[in-house]
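FYI, full-length UniProt numbering numbers position 44 of the sequence shown as 44, with every residue one higher than the one before it.
C-beta: ideal position from N, C-alpha, C; glycine also.
Okay, structure first, notes after.
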Amino acid sequence: MSGFREPGFSDRQKAAQEARKNLLNKFKSQPGHDDPAVAARRAEREALAAKRAETKAAREAEKAEQKRIAEEAAAAEAARIAREAEEAVAKQAEVEAEQKAKRDARYAARKAKRK
């Protein structure tokens with residue numbers, strides 16, 4: 001069993017040159033921008049991006065619609081609460097006026113009784 005042979009400078013230089021050549025060949029073998037397969041992939045990516053944008057816009061429109069509906073519901077609830085408060089105040093004023101009228105009638109009856 002032979003031991004590990006330390007690569008010399010020329011061996012390392014040759015390996016680096018081979019690596020550069022392999023990298024260059026790999027780059028050259030790739031299809032160019034005008035290749036139909038590349039154009040088809042690009043068109044597919046653009047179509048997917050357009051579909052994603054359309055879906056996102058639809059989702060945002062739906063969210064805006066939901067928000068508008070929620071705001072309308074909150075406004076209607078606030079109006080209902082305000083109307084109920086006004087009705088309660090009016091009813092309370094009516095009850096107080098009725099109580100005052102009864103009290104005044106009792107007072108008038110007592111005065112009339114004394115005379």
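Range of the contiguous alpha helix (DSSP H) that encloses residue i
{"i": "residue 34", "result": "Element bounds for residue 34: n/a, residue is neither H nor E."}
{"i": "residue 9", "result": "9-29"}
Residue i at chain D interface by Cβ criterion, 8 Å
{"i": "residue 45", "result": "In the structure shown, chain D does not exist; there is a single protein chain."}
Short Cβ contact (8 Å threshold) for residue i with residue j
{"i": "residue 40", "j": "residue 31", "result": "no"}
Proximity test, residue i beta-carbon vs the ligand SAM heavy atom, cut-off 7 Å
{"i": "residue 54", "result": "The ligand content of the structure shown is nil, which means the ligand SAM is not present either."}
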